[in-house]
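Numbering (the numbering used here), first residue to last: 185 to 443. Written below as structure tokens is the structure these notes are about.
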Ligand SMILES: Nc1ncnc2c1ncn2[C@@H]1O[C@H](COP(=O)(O)OP(=O)(O)OP(=O)(O)O)[C@@H](O)[C@H]1O
Ligand SMILES: [Mg+2]
């Protein structure tokens with residue numbers, strides 16, 4: 185179910201502004217890839233092109249190629265909604281539907297996809313997804329209670345359960361732990377380690393320790409200055425990126441000398 189991603193010469197615009205320029209990279213299935221780099225260098229923008237979320241912004245455009253196991257995500261006739269179903273996304277702020285029950289939150293994506301699902305199958309899916317998100321034991325006795333009644337870390341795991349309930353092939357996470365305390369962060373990191381056996385995971389993080397703990401590969405993005413596009417400076421094995429990177433800028437960034 186996990187798939188590879190191949191990006192070739194990607195350019196990403198907001199109207200006339202080229203926000204990300206000339207990015208090419210290969211992302212392995214069943215791996216965690218971390219995107220790092222200073223604020224404004226285009227990490228979130230680039231991430232959103234990987235499931236066609238960028239183009240929902242008026243004036244936003246993408247040039248270049250993104251392949252999912254060889255299939256062009258931007259090819260003619262490709263339904264962006266179908267792409268987003270295959271490539272799930274978890275955001276910085278946990279965003280469960282607040283008044284919806286925990287159970288219905290998990291099923292929300294499945295129902296949006298207009299899939300009719302029998303009660304017992306739904307029960308199985310809810311349990312499987314919540315177990316997958318390491319949340320089941322904490323919520324199994326209150327599945328009918330609103331999602332808003334959970335802690336921030338639990339809400340984020342609920343969002344992950346919602347994302348995996350639709351059986352995506354890729355999970356994109358944009359700073360999923362930045363609003364969480366260290367314990368919840370640890371829970372999410374453990375979860376990422378577990379999920380990567382089944383999914384291709386891409387995570388944006390400002391936390392260098394987190395990038396080095398959870399990821400197999402790291403991509404460092406940077407900008408040459410205000411108004412300039414973000415570019416991919418270096419991409420490689422995480423252990424190498426954090427010890428002996430090729431580029432001075434990477435070394436400066438991972439060692440905290442700028443950004
Ligand atoms: N909706 C938008 N319209 C116009 N410009 C945008 C929009 N969203 C982002 N940008 C611009 O695109 C560039 C990249 O922004 P992006 O949010 O991708 O950076 P980032 O690397 O994720 O930063 P951070 O680490 O702060 O989240 C920035 O110059 C930003 O101002
Ligand atoms: Mg961002």
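Positions of the beta carbon are idealized from the N, C-alpha and C atoms, including for glycine.
Cα-Cα separation between residue 396 and residue 427, rounded to whole angstroms: Taken atom to atom, the span from the alpha-carbon of residue 396 to that of residue 427 is near 10 Å.
C-alpha gap between residue 431 and residue 226, whole angstroms: Cα to Cα, the separation comes out at about 19 Å.
Residue span of the alpha helix (DSSP H) that contains residue 397, given as start and end: From DSSP, the alpha helix (DSSP H) with residue 397 extends over 392-398.
Pair within 9 Å by beta-carbon distance, residue 220 and residue 403: Between residue 220 and residue 403, the CB-CB gap stays under 9 Å.
Near ligand 2: residue 207 beta-carbon under 8 Å from a heavy atom: Not one heavy atom of ligand 2 is found less than 8 Å from the C-beta of residue 207.
Inter-residue spacing [alpha-carbon to alpha-carbon] between residue 401 and residue 209: Distance between the alpha carbons of residue 401 and residue 209 is about 11 Å.
At least three beta-carbon pairs within less than 8 Å, the region 308-327 to the region 370-390: They touch, by the three-pair rule.
Beta-carbon contacts of residue 361 that lie in its chain and below 6 Å, excluding the five residues immediately before and after: The residues are 369, 372.
Beta-bridge pairing of residue 285 - partner residues as DSSP gives them: Answer by DSSP bridge pairing, in chain order: 330.
At least 3 beta-carbon pairs within less than 8 Å: the region 259-269 vs the region 300-314: Result no; under three Cβ-Cβ pairs closer than 8 Å.
Stretch-stretch touch, CB-based, cutoff 8 Å, three pairs: the region 240-253 with the region 187-194: Three or more Cβ pairs drawn from the region 240-253 and the region 187-194 lie within less than 8 Å of each other, which places the two stretches in contact.
Residue 310: first and last residue of the uninterrupted alpha helix (DSSP H) it sits in: It spans 303-316 - the alpha helix (DSSP H) in which residue 310 sits, taken as one unbroken run.
Coil, strand or helix - residue 420 by DSSP: Residue state, collapsed to three classes: strand.
Cα-Cα separation between residue 207 and residue 229, rounded to whole angstroms: Rounded to whole angstroms, residue 207 to residue 229 spans 12 Å at the Cα level.
Heavy atom of ligand 2 within 8 Å of residue 274 beta-carbon: Remark: the shortest separation between the CB of residue 274 and any heavy atom of ligand 2 does not fall under 8 Å.
Top-ranked residue by Cα proximity to residue 232, from 214, 276, 212, 283: Nearest option by C-alpha distance: 276.
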